[in-house]
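Colleague: A single structure is presented below for examination.
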Amino acid sequence: MRNDKQREKKRSVSAPQRSIFKPRTKERNFLLEVIMTTAKLFFVVALLVGVALSGLLVGVAKAWVETMPALDLSAFDEQAQTSYIYDKNGDLITDFKGYENRVEVEYKDLPKYLVDAVVAIEDERFWDHNGVDLRRLAGVFVDSLRNSDVQGGSTITQQLIKNTILNSEQTIKRKLQEIYLAIELEQQISKEEIIAEYLNVVYFGGSDYGVKVAAEDYFGKELNELSLRECAALARIIRNPGKYNPRKCYYVTQKPETIELNTNYVLDMMLEHGYITQRECDQAKSERLNVIQYSASSNTEILDNLYYVEYAIYDVVTKMLRVENLEDNKTNRSLMESKLRTGGYRIYTSLDPGLQDAVQRVVTNWNGYPRMRSSADSVYKAPLGNGEYLDVVQPQAAVTIINWRTGEIEAIVGGRATPTGWKQTHRAYGSFKMPVGSSLKPLSVYGPAFDLGNSPGSPVLNLPIQIAGWDSETGYPTNYEGGAYSGVETLRVALNQSHNTAAAQALMTYVGI
58 MRNDKQREKK RSVSAPQRSI FKPRTKERNF LLEVIMTTAK LFFVVALLVG VALSGLLVGV
118 AKAWVETMPA LDLSAFDEQA QTSYIYDKNG DLITDFKGYE NRVEVEYKDL PKYLVDAVVA
178 IEDERFWDHN GVDLRRLAGV FVDSLRNSDV QGGSTITQQL IKNTILNSEQ TIKRKLQEIY
238 LAIELEQQIS KEEIIAEYLN VVYFGGSDYG VKVAAEDYFG KELNELSLRE CAALARIIRN
298 PGKYNPRKCY YVTQKPETIE LNTNYVLDMM LEHGYITQRE CDQAKSERLN VIQYSASSNT
358 EILDNLYYVE YAIYDVVTKM LRVENLEDNK TNRSLMESKL RTGGYRIYTS LDPGLQDAVQ
418 RVVTNWNGYP RMRSSADSVY KAPLGNGEYL DVVQPQAAVT IINWRTGEIE AIVGGRATPT
478 GWKQTHRAYG SFKMPVGSSL KPLSVYGPAF DLGNSPGSPV LNLPIQIAGW DSETGYPTNY
538 EGGAYSGVET LRVALNQSHN TAAAQALMTY VGI
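One rule links them: number in our numbering = place in the sequence shown (from 1) + 57.
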């Protein structure tokens, strides 16, 4: 027994231990260990930094959302709108606008073809998404690699937010705010309201903002008169108003195929999305756009009534200053005029267009104007402020016709020539800064003297002697060039010769002040 135990003990001591690991037979690679240790440390640090950055990004995003503008629906109504001026019959004289020419419409006024064309080319899933199209955002990158004509990443809702509440700044902050507000907007108003507001504010080139103005400017049509092809063309302009402006394509670059081919592309997209049939598509493609050569916003018809229109605007601005309790100065007038240009006002006047035209023709063509004393005075060089001068024939004239029964001003002419631009000299109301000269004498001296019973033959002194009550250094006004003192003369002669001294004597003697 003892021998057995000794043999067992011997085996246990001498027998090698078994293990799944093989003993290291090579020395450790110091460089490899350093690399592995560094990699492990880098992974841990990267993990910690990632967690920290995630928290930071969440905090920044939260701050951006908290500091973004509130979703104010009134911003849609505050877009600049063109004002209009009408005559006594309610007929349109002209529009009065700022840089943005815009007239708003409701969804019910939009042709179905137009809405479908815009959705097909700008936001194909507009009716389905909640303001942000995630599929579209993901597809933008892929499509851009194919170098195809891709849609932008923003939905119609996002574009509306950008054009009204935010700005076009290309930053992550602005994009995040745009997405957030777009989702919020979709929860507050309907899809129909969104696309109507969008088509009221979007830019169509030139001074055209909103689809109603664009339809009238490019095609001379109301919205309900647009053809399928015209709707497709308008939808295409939105993407690049400078490139796809139909007037520019036809009459400036003379490359009508630019807009025609792109209009066909919109039609293909409408067909692909089921908005039109193959027959409708083919029919529209067989047509060509009939584009008006000259913009209605650059017409000169207003010049026929410009004297009257300018006074009407002046009068309205004056009343606006009173309502706003503002001082009547240049700065405040400019402010109110800008408000009038962009406020969408309707201004109804008492202008009689026929009478206005007749008065202007008489004032311009009358051949009874007296000759100036010097030929050099027959034309006045009016400075235009840019180094150039405007020849203004002399003498000038102005006419204001008032209906004595109603007190309405029916015609205003501020000069002998039809004005060639805004805010030229308006002698009917805007000449208070110019000297009235001798035109004051018949109105303030001789007319009142005759009304008081004196006749053209009544005598008056034309002598350089002091006049009782005349407040001046000499005690009397001097005649033109300081001479022509003829002694006693009649009122008729004094008026005809425009003697200053005699007029002063008549004023103090026959009229009295």
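C-beta atoms are modelled at their ideal positions from N, C-alpha and C, and glycine is treated no differently.
1. When you compare each of Ala561, Ser211 and Thr531 to Asn187 by their alpha carbons, which one comes out closest?
2. When the Cα atoms are used, what is the spatial distance from Val176 to Tyr141?
3. Taking C-alpha atoms, which residue in Ala272, Met377 and Leu509 lies nearest to Val160?
4. From Arg379 to Asn319, what does the alpha carbon distance come to, in whole angstroms?
5. For Ser501, which three-state DSSP category applies?
6. Report the rounded CA-to-CA distance for Ile229 versus Asp166, giving the unit in angstroms.
7. Would Asn382 be called buried (16 or more neighbouring beta carbons within 10 Å of its own) or exposed?
8. Within the same chain, show all residues whose beta-carbon is closer than 7 Å to that of Gly532, passing over the 5 residues directly before and after it, in chain order.
9. Would you decide whether Ala137 is buried or exposed? Buried here means 16 or more other CB atoms lie within 10 Å of its CB.
10. Less than 8 Å between the C-beta atoms of Val568 and Glu546, yes or no?
11. Entirely within the segment 321-383 and at least 4 residues each: give me those alpha helix (DSSP H) ranges in chain order.
12. Apart from the five residues just before and just after Leu552, which ones in its own chain have a Cβ nearer than 6 Å to its Cβ?
13. Could you tell me the alpha carbon to alpha carbon distance between Gly544 and Val450, rounded to whole angstroms?
14. Mind checking who Asp152 pairs with in its DSSP beta bridge?
15. When the Cα of Val420 is compared with those of Thr139, Val373, Val470 and Ala506, which residue comes out closest?
16. Under 6 Å Cβ to Cβ from Cys338, same chain only, skipping five residues before and after it: list those, please.
17. Go ahead and pull the three-state DSSP assignment for Phe78.
18. Please classify Thr399 as buried or exposed, where buried requires at least 16 other C-beta atoms within 10 Å of its C-beta.
19. Helix, strand or coil for Glu235 per DSSP?
20. Does Glu467 come out as helix, strand or coil in the three-state DSSP assignment?
21. Could you say which of Asp148, Arg484 and Ala103 lies nearest to Arg403 if we only look at CA atoms?
22. Provide the residue span of the beta strand (DSSP E) that contains Leu447, from first to last.
23. With a 10 Å radius around its C-beta and 16 neighbouring C-beta atoms as the bar for buried, classify Tyr351 as buried or exposed.
24. With DSSP as the reference, please indicate the residues paired to Val436 in a beta bridge.
25. Apply the 10 Å Cβ neighbour rule to Val316 and answer buried if 16 or more other Cβ atoms are within range, or exposed otherwise.
26. What are the boundary residues of the alpha helix (DSSP H) that Arg398 is part of?
27. Based on DSSP bridge pairs, tell me the residues matched to Ile458.
28. Quick check on this structure: which residue in Asp144, Ala103 and Thr139 has the alpha carbon closest to the alpha carbon of Gln413?
29. Do you know whose CA, among Ser432, Asp190 and Gly263, lies nearest Tyr301's CA?
30. Do Arg430 and Gln453 have their C-beta atoms within less than 8 Å of each other?
31. What number of angstroms, rounded off, separates the C-alpha of Lys154 from the C-alpha of Tyr368?
32. Would Leu285 and Ile240 qualify as a contact pair, given that the criterion is a beta-carbon distance under 8 Å?
33. Under 8 Å between the Cβ atoms of Tyr275 and Tyr371?
34. Take every Cβ of the segment 253-270, pair it with every Cβ of the segment 290-298, and state whether three or more of those distances are shorter than 8 Å.
35. Does Lys376 have its Cβ less than 8 Å from a Cβ in chain B?
36. Suppose the cutoff is 7 Å on Cβ atoms and the five residues either side in sequence are ignored; what does the same chain contact list for Gln562 look like?
Modeller: Quick look at the numbers:
1. Along the sequence shown, one-based indexing puts residue 187 at 130. The residue with the shortest Cα to Cα distance from Asn187 is Ser211.
2. Within the sequence shown, the letter at position 119 stands for residue 176. Within the sequence shown, the letter at position 84 stands for residue 141. Computed Cα separation, rounded: 32 Å.
3. Translated into positions along the sequence shown, residue 160 becomes position 103. Here the closest residue by C-alpha is Ala272.
4. What you label residue 379 is simply residue 322 of the sequence shown in a count that begins at 1. What you label residue 319 is simply residue 262 of the sequence shown in a count that begins at 1. Approximately 52 Å, taken between the alpha carbons.
5. The residue labelled residue 501 in the question sits at position 444 within the sequence shown. Helix.
6. As a first step, residue 229 must be located in the sequence shown, where it is residue number 172. As a first step, residue 166 must be located in the sequence shown, where it is residue number 109. Their Cα atoms are separated by approximately 36 Å.
7. Translated into positions along the sequence shown, residue 382 becomes position 325. Classification for Asn382: exposed.
8. For the purposes of this step, residue 532 is taken as residue 475 along the sequence shown, with counting starting at 1. Gln523 and Ile524.
9. Counting from 1 along the sequence shown, the entry for residue 137 is found at position 80. Buried: at least 16 other Cβ atoms inside 10 Å.
10. Your numbering for residue 568 matches position 511 in the sequence shown. Your numbering for residue 546 matches position 489 in the sequence shown. Going by C-beta atoms, Val568 is not nearer than 8 Å to Glu546.
11. 335-342 and 363-380
12. Locating residue 552 in the sequence shown gives position 495, counting from the first residue. Excluding positions up to five away in sequence, the list reads Tyr503.
13. Against the sequence shown, residue 544 aligns to sequence position 487. Against the sequence shown, residue 450 aligns to sequence position 393. Going by the C-alpha atoms only, they are around 35 Å apart.
14. Translated into the one-based positions of the sequence shown, residue 152 becomes position 95. For Asp152, which the question treats as bridged, DSSP gives the partners Tyr141.
15. Counted from its first residue, the sequence shown places residue 420 at position 363. Selected option, being the one with the closest Cα: Val470.
16. For the purposes of this step, residue 338 is taken as the residue at position 281 of the sequence shown. Excluding sequence neighbours, Cys338 sits near Leu324 and Leu328.
17. For the purposes of this step, residue 78 is identified with residue 21 of the sequence shown, where counting begins at 1. Since pLDDT at Phe78 reaches only 47, below the 50 mark, its modelled position is unreliable, and the value read off the structure follows with that caveat. Phe78: coil per DSSP, three-state reduction.
18. Looking up residue 399 in the sequence shown gives position 342. The residue is buried, with at least 16 neighbouring Cβ atoms inside 10 Å.
19. Mapped onto the sequence shown, residue 235 falls at position 178. If DSSP states are grouped into helix, strand and coil, Glu235 belongs with the helices.
20. Within the sequence shown, the letter at position 410 stands for residue 467. Three-state DSSP puts Glu467 in a strand.
21. By one-based count along the sequence shown, residue 403 stands at place 346. Here the closest residue by C-alpha is Asp148.
22. Taking the sequence shown and counting its residues from 1, one reaches residue 447 at position 390. Tyr446 to Val450 is the span of the beta strand (DSSP E), which, as asked, contains Leu447.
23. In the sequence shown, counting from the first residue as 1, residue 351 sits at position 294. By the neighbour-count rule (16 or more Cβ atoms within 10 Å), Tyr351 is not buried but exposed.
24. For the purposes of this step, residue 436 is taken as residue 379 along the sequence shown, with counting starting at 1. Paired residue(s): Val450.
25. Position 259 of the sequence shown holds residue 316. Note that residue 316 corresponds to Ile in the displayed sequence, not to Val. By the 10 Å Cβ count, Ile316 comes out buried.
26. Within the sequence shown, numbered from 1, the residue matching residue 398 stands at position 341. Residues Lys387 to Thr399.
27. Walking along the sequence shown from the start, residue 458 turns up at place 401. In the DSSP output, where bridge partners are listed per residue, Ile458 has Ala468.
28. Here residue 413 refers to the residue found at position 356 of the sequence shown. Considering only alpha carbons, the answer is Asp144.
29. Here residue 301 is taken as the residue at index 244 of the sequence shown, counted from 1. If we check each option's Cα against that of Tyr301, Gly263 comes out closest.
30. Taking the sequence shown and counting its residues from 1, one reaches residue 430 at position 373. Taking the sequence shown and counting its residues from 1, one reaches residue 453 at position 396. Contact flag unset, no.
31. Residue numbering aside, residue 154 sits at position 97 when the sequence shown is read from its first letter. Residue numbering aside, residue 368 sits at position 311 when the sequence shown is read from its first letter. Spanning the two alpha carbons is a distance of roughly 16 Å.
32. Reading the sequence shown from its first residue, position 228 is the one you call residue 285. Reading the sequence shown from its first residue, position 183 is the one you call residue 240. No, these two residues do not count as a Cβ contact at 8 Å.
33. Sequence index remark: in the sequence shown, residue 275 carries index 218 (1-based). Sequence index remark: in the sequence shown, residue 371 carries index 314 (1-based). No, they are not a contact pair.
34. yes
35. No chain B appears in the structure shown, which is made up of a single protein chain.
36. Against the sequence shown, residue 562 aligns to sequence position 505. The residues are Val517, Leu518 and Ile524.
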